[in-house]
Amino acid sequence: MSMKRKLGLGIAVVVLAVGLALFLGRDRLAQRAFDTAIDQNVGIDRSAALPDGVHVYVCGSGSPMPDADRAGPCLAVLAGQQGFVFDAGAGSIRKLGRMGFPMDKLQGAYLTHLHSDHIDGLGELLLQAWIAGSRGTPLPVSGPEGTDQVIAGLMQVYERDKGYRIAHHGPAVARPGGFGGAASIITLAEGQASQVVYDQGGVKITAIRVIHDPVKPAFGFRLDYKGRSVAISGDTIYAPDFVAASKGADVMFHEALNPKMIGAMGAKLAERGRGDQAKIMADIPGYHASPEDAARAAKEAGVKSLVLYHVVPAPPVKLIERLFLGDAGKIWTGDLRVAHDGMIVSLPSGSQAVDYSDAF
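Residue numbers (this note's numbering): 277 to 636.
As structure tokens, then:
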């Protein structure tokens, strides 16, 4: 046998041996990977490594439009040791869990308004607050008129589930008194632009009247803690009251809809005989802010950073993101970003920094 053939045969034997070893050891490798994943993730409070300050978890940056990468609108805020959730769109609470948000620190939820895409994950939030958060009392949920009806309905829907979980896990784990939500109605007097709705442990939350007609009332919110602050628009057109209440905030989270892109979608729907859907596309720009509107709000409020969330339609790739922003960058020349699910925006106390990271 020639040396060349011997060498080739030797290489083949080595490759076969390596392949056989990998094949036989694949279960052991899989088990090791699984064990490592458990060790690094299960039961770990990832928030413990965060500095004292305000940390915003983007648990949902999308809209009712189908999107595999974006859950419905949801922002969660950890201020010191207190947690809050603002809106709970579809799929957002699972994203929040994946981000490592400490559910046991959740103090309450705040609803900007009662459109379905902002509350269709609320039932899951109540369940996770109860079980994952080990609650012994219902989760406080504050929002506009009708919030009590929503909470009562969800509690009725999940009544059987409540019984199953208590029976399965026992009342020491699934505490019967912690199930569901306790609704609180936010009411602003006629002509009143804003009102403090929470002020405890150094955290202040202010509800702000915004414009989302025919949805009335609709709110934005501002949260302040140890000199750091965020403003959250909810759904609105350019709203002077929101701008005024956001003055000097570190970060403004503002919804944004690109009317040209929505118009193009509507035209295509009409062309294909989808008249009802085309009518919806023609209607929605009238009660949403454009990226340029959001940029104007950020400029006039004098914030440090502008993050667009609840984006419609959500840009699927970075290239289209530039198209979505339109002329916003000409109006607002500061830090401008389009949010994505998993983004965490951190504002350490005693600092002016605005730090961005990804949870996944």
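Where a beta carbon is used, it is the ideal one built from N, C-alpha and C, also for glycine.
Would you mind giving the Cβ-Cβ distance between residue i and residue j, rounded to the nearest angstrom? I have them listed as a contact below 8 Å.
i, j, result
"L402", "L415", "6 Å"
"L351", "Y585", "7 Å"
"D603", "E568", "5 Å"
"V630", "D526", "6 Å"
"Q358", "Q383", "5 Å"
"H530", "A558", "The pair is not a contact, with the Cβ atoms about 23 Å apart (cut-off 8 Å)."
"Y563", "D511", "7 Å"
"D345", "G365", "Contact flag wrong, Cβ pair sits at about 14 Å."
"D343", "A540", "About 17 Å separates the two Cβ atoms, so there is no contact after all."
"A347", "D617", "6 Å"
"G329", "K502", "7 Å"
Going along the chain, which residues of its own chain have a beta-carbon closer than 8 Å to the beta-carbon of residue i, five neighbours each way excluded?
i, result
"A458", "T413, P414, L415, P416, V417 and I427"
"A521", "A469, S470, T482, I484, G496, R498 and A507"
"A554", "G542, A543, L545 and A546"
"H444", "A450"
"E597", "P591 and V614"
"Y440", "none"
"A494", "T388, H389, P420, R485, V486, I487, H488, G510, D511 and T512"
"R436", "none"
Are the beta-carbon atoms belonging to residue i and residue j less than 8 Å from one another?
i, j, result
"A571", "I607", "yes"
"S505", "F518", "no"
"Y434", "G478", "no"
"V614", "F636", "no"
"P592", "P561", "no"
"S633", "S625", "no"
"M341", "V583", "no"
"G419", "L387", "yes"
"G397", "S368", "yes"
"F455", "W406", "yes"
"K523", "D500", "no"
"V579", "M619", "no"
"V486", "A515", "yes"
"L612", "G605", "yes"
"I395", "E421", "no"
"G549", "S581", "no"
Please list, in chain order, all residues of the same chain as residue i whose beta carbon is under 6 Å from its beta carbon, the five residues on each side excluded.
i, result
"Q471", "L464 and A483"
"V353", "V332, F360 and L499"
"K438", "F455"
"P349", "G336, D363, G365, H394 and H586"
"F299", "none"
"M537", "P589"
Excluding five sequence neighbours on each side, which residues of the same chain lie with their C-beta closer than 7 Å to the C-beta of residue i?
i, result
"I442", "A450 and P452"
"R322", "G376"
"A355", "V330, V479, L499 and Y501"
"D424", "A459 and I461"
"I556", "none"
"R370", "none"
"P327", "P624"
"F310", "none"
Determine, using beta carbons only, whether residue i comes closer than 8 Å to chain C.
i, result
"S460", "Considering every chain present, this structure includes no chain C. It has just one protein chain."
Practice problem: Quick one: which unbroken beta strand (DSSP E) runs of 3-plus residues sit fully inside the stretch 304-355? Chain order, please. | Solution: 329-336 and 350-355
Quiz prompt | Unbroken stretches of the alpha helix (DSSP H), 4 residues or longer, contained in the stretch 378-437 | solution = 392-395, 398-407 and 423-433
Exercise. Give a yes or no on contact between the stretch 329-339 and the stretch 373-383, applying the rule of three or more CB pairs nearer than 8 Å.
Key: yes
Self-check item: Complete runs of the beta strand (DSSP E) confined to the stretch 462-529 [at least 3 residues]
Solution: 470-476, 479-488, 491-501 and 504-508
Quiz prompt | Ranges of the alpha helix (DSSP H) found wholly within the stretch 600-630, counting only runs of at least 4 | solution = Restricting attention to alpha helix (DSSP H) runs no shorter than 4 residues, the stretch 600-630 encloses them at 604-607, ordered along the chain.
Practice problem: Ignoring anything shorter than 4 residues or poking outside the stretch 555-590, list the alpha helix (DSSP H) runs there in chain order. | Solution: 567-577
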